[in-house]
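The structure appears right after this line, and notes come after that.
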Amino acid sequence: MHRSLVIRTCVNRRGGCAAGVRAVLLVGALTAAAPGQSIYDPSWADAAPERVLAHRRDPALDDRANGALLADAIRSLAPGDRLEIGPGTWSIERRFNISLRGTPARPIWIVAADGAAPRITRSDAAQNVINVGDPAEGRSEYLCLRGLEIVGGSMGLRLHACSQVWIDGCHVHHTGDAAITANTADTESLHITRNHVHHTSGTGEGMYLGANDGAHVMRHSVIALNHVHHTLGAEQGDGIEVKQGSYGNWIARNLIHHTRYPCLLVYGTGGEAPNLIEHNVLYSSLDNVLQVQGEAIVRHNLIMDGAVGFQSFDHQGRSRNLVFIHNTVINRGRAADFRSWDERPGMVCANNAFYSETMESMRFAGSRGVALAGNVVHGPVLGASTGFVRGTGLSDFEDVAWDASARDARPAPDGALVGAAAAEFYSRGDREVSASPPTAGSNSNGPAGVPRTSDPARTPILPDTIRERSAH
1 MHRSLVIRTC VNRRGGCAAG VRAVLLVGAL TAAAPGQSIY DPSWADAAPE RVLAHRRDPA
61 LDDRANGALL ADAIRSLAPG DRLEIGPGTW SIERRFNISL RGTPARPIWI VAADGAAPRI
121 TRSDAAQNVI NVGDPAEGRS EYLCLRGLEI VGGSMGLRLH ACSQVWIDGC HVHHTGDAAI
181 TANTADTESL HITRNHVHHT SGTGEGMYLG ANDGAHVMRH SVIALNHVHH TLGAEQGDGI
241 EVKQGSYGNW IARNLIHHTR YPCLLVYGTG GEAPNLIEHN VLYSSLDNVL QVQGEAIVRH
301 NLIMDGAVGF QSFDHQGRSR NLVFIHNTVI NRGRAADFRS WDERPGMVCA NNAFYSETME
361 SMRFAGSRGV ALAGNVVHGP VLGASTGFVR GTGLSDFEDV AWDASARDAR PAPDGALVGA
421 AAAEFYSRGD REVSASPPTA GSNSNGPAGV PRTSDPARTP ILPDTIRERS AH
C-alpha cells in the first residue's frame, strides 16, 4: 500500500482558481505503515525473521579481532536473517562495506541484542566506520541497522547505492567528518529514524543527504524523530542538509540544536515532487536556523535563536513553489528573510508567528505574487504591507525566551495567535479542528518545544489543499 502526499496550488490574480494555473505536486509515493507501526517506519518493519543469530564477543580476543569476526558475520547474512549483536566494543580496521539485499517479506536485520549497545568503531579516520551499498560490491536493499553505537572513523555511516534501507535508533558521534551521509549514489526509500547524532568534525554535517548540484539525489525517503546536536566543532556543521534535486522526502519531528551552519538546510527539487518539512524543533544555530530554497511544504516547525530564524533565497536553484505555513519563529535578530520571493510562482506565507526582539519580523526583497495571510508579527515588516497583524510579545506564548532557554511555544490562551489564522490556509497539525479557534503559529503539541518521541496515535494529516491568492 502506498500513500501519496499531495498539495494542489491554484494561482489567480483575482483570488480564485478557475482562471488560474493549476499544478499538482506529489511528495513521493511513501510506503504506508501497517496497523500498529509508526507512520515513519517502512511497510516491512514488522516482517518476522526466518533465522535469528546471536553474535557475542570472544573474551579471549581483543577489540580488533572481535571486530573482524563481526564483519565476517555481517557479510555472510542472507535474506530473512536477524543478527543480534551483544555488548562490547568491536573495532573493524579494514574498509568495511555492507552490500546485502533482502526482500519485503525477508528483510535483513543487524541489531543490538536486547539490553545491549554494541559499540562499532575503528582506530583512525582513514576510512568510514560503516559503508553500506558500495556499488563495487552491490546495492543494499531491505536492510535494517538498529541500536548500534557508531563512533569515530572518517564518516560514521556512509550510504551508497541503497533503497529500502532503515537506520533506526543508532548513536553516531565523535566522527572525523560528517556522521551519516548519502551522497555518492542515488538513494531511494531510506528511513533514517530515532538516531542520536552529535559531535562531528571536518565538514561535520550531522546528516548530508544527496550531492551538490543534484549529482546524486535522495528521493521518497523519511528522516524523522532524530536528535542532532553540537556540530559546533566542525568547519561547517549543518544539522541535517538535504541537497539540490532531492525530492519527495518527509522530514519530520527532528530535534536539532547547537549547530554551526543551519540546523536544517533543504535545497530545491529541480521540478520534482516537493519535500515535506514539518513538526521539527530547531534552535541555537550560529547561522540561519532553518534555510529552505524552495519546492517544499514547510509547516508546524518551531524555529528559535540563530543569526536569522528562517532564510529563503536562490542557492543551487531558484526559489519557487514554497508553502510556508503555521511555523513559529522566535529570534533575537531577524525572524524571517524572504530574499528571493518576489514574483516567483507558488509562494505562500500564511498563519505563521514571526517574533523578533531587535530586528525585522519579516523582510521581503519584494513580495509581488506572494500569498500573505494570517501571520502574527512582533517587530518591523519590510517589503510587505498586508497579510499580518501585530502580536504583543513573548506573552503570546506559554513560556519562551529569546535565547531559546525556554521553548514552550504553545499559544497562550489569551494571546494574539488565537483566532488569527486565515481559514483558507489553516492546517490543524496535531490539534483537532474543534480544539481551538484557528490559531497562527505551529500547531504541534508538546511542552517545552520538544517534539514527541512517540508518534501520533492517528493517521498523519497530509498536506492541505492550498489556494494561493495573489498579493496584488
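Each residue of the sequence shown is one higher than the one before, counting from 1 in my numbering. Glycine included, every Cβ here is placed at the ideal spot set by N, Cα and C.
Take residue i and list the residues in its own chain whose beta-carbon comes closer than 8 Å to its own, dropping the five residues that flank it on each side.
| i | result |
| --- | --- |
| V433 | Note that V433 scores 46 on pLDDT, short of 50, meaning its location in the model is unreliable; the coordinates nonetheless yield the value given after this. Taken in chain order, the list of residues that qualify is empty. |
| D186 | A161, H216, V217, M218, R219 |
| G391 | A353, Y355, V376, V377, H378, G415, A416, L417 |
Quick one: residues in its chain with C-beta nearer than 6 Å to the C-beta of residue i, no 5 flanking neighbours on either side, listed in chain order?
| i | result |
| --- | --- |
| D63 | T89, S91 |
| G28 | Here G28 scores only 34 on pLDDT, less than 50, and its place in the model should not be relied on; the value that follows carries that caveat. H220, G248, A273. |
| T459 | Any reading at T459 needs caution, since the residue's pLDDT is 32, under 50, leaving its predicted position unreliable; the model's value is listed next. So the list is empty, once near-sequence residues are dropped. |
| E295 | G268, T269, P274, N321 |
| N254 | N226, N280 |
| M207 | I180, I240 |
| E149 | A117, R119, H171 |
| E278 | A252, R299, H300 |
| V52 | R82 |
| S284 | H257, H258, D305, A404 |
| G147 | V111, A112, G169 |
| L302 | V281, T328, A409, S442, G449 |
| G163 | A quick correction: the sequence has Ser, not Gly, at residue 163. Contacts found: E141, E188, S189. |
Could you give the residue range of the beta strand (DSSP E) that holds residue i?
| i | result |
| --- | --- |
| N288 | 288–292 |
| R158 | 157–159 |
| N375 | 375–378 |
| T193 | 191–193 |
| S285 | 281–285 |
| E149 | 149–151 |
| Q311 | 308–312 |
| T175 | Element bounds for T175: n/a, residue is neither H nor E. |
| R390 | 388–390 |
| H257 | 255–259 |
| I130 | 130–132 |
| H198 | 196–198 |
According to DSSP, what are the bridge partners of residue i?
| i | result |
| --- | --- |
| V242 | L209, V266 |
| I485 | Coverage of the chain is limited to positions 1 through 472, which leaves residue 485 absent and any answer about it impossible. |
| P411 | F397 |
| C144 | W109, W166 |
| A252 | A224, E278 |
| H55 | I85 |
| E188 | S163, R219 |
| V298 | I277, F324 |
| Y247 | R219 |
| H230 | H230 pairs with nothing; no bridge assigned. |
| V381 | M362 |
| I303 | L282, V329 |
Since residue i is in the alpha helix (DSSP H), which residue starts that stretch and which ends it?
| i | result |
| --- | --- |
| L61 | Taken as a continuous stretch (DSSP letters only), L61 belongs to no alpha helix (DSSP H), as it is neither H nor E. |
Between residue i and the rest of its own chain, which residues show a CB-CB distance below 7 Å, the 5 nearest in sequence each way excluded?
| i | result |
| --- | --- |
| H315 | Y267, Q293 |
| L100 | L77, I108, S140, L143 |
| P437 | V418, G419 |
| A384 | M362, F364, S367, L372 |
| A211 | N183, K243 |
| S395 | A412, G415 |
| A421 | N351, G374, P438, T439, A440 |
Looking at the C-beta of residue i, does it have a partner C-beta in chain D at a distance below 8 Å?
| i | result |
| --- | --- |
| G206 | Although the question refers to chain D, the structure presented lacks it and comprises just one protein chain. |
Problem - Uninterrupted beta strand (DSSP E) stretches inside the stretch 314–373 (no shorter than 3 residues) - result: If only uninterrupted beta strand (DSSP E) runs of at least 3 residues are considered, those enclosed by the stretch 314–373 are 322–325, 328–331, 334–338, 348–350, 353–356, 362–364, 371–373.
Exercise for the section: Assess, as a yes-or-no matter, whether the stretch 180–199 is touched by the stretch 72–82 under the definition of 3 or more beta carbon pairs within less than 8 Å. Expected result: The stretch 72–82 is not in contact with the stretch 180–199.
Practice task
Determine contact between the stretch 249–269 and the stretch 277–289, defined as no fewer than three beta-carbon pairs at a distance below 8 Å.
Solution key: Result yes; three or more Cβ-Cβ pairs closer than 8 Å.
Handout entry: Any 3 or more C-beta pairs closer than 8 Å across the stretch 190–210 and the stretch 156–175
Key = A contact exists between the stretch 190–210 and the stretch 156–175.
Handout entry: Uninterrupted beta strand (DSSP E) stretches inside the stretch 66–128 (no shorter than 3 residues)
Key = Within the stretch 66–128, the complete beta strand (DSSP E) runs of at least 3 residues are 81–85, 89–91, 108–112, 119–121.
Exercise for the section: Count the C-beta pairs between the stretch 91–109 and the stretch 64–74 that are closer than 8 Å, then say yes if the count reaches three, no if not. Expected result: The stretch 91–109 is in contact with the stretch 64–74.
Exercise for the section: Decide yes or no for the touch test of the stretch 378–391 against the stretch 352–368: beta carbon pairs closer than 8 Å, at least 3 of them. Expected result: Short answer: they touch.
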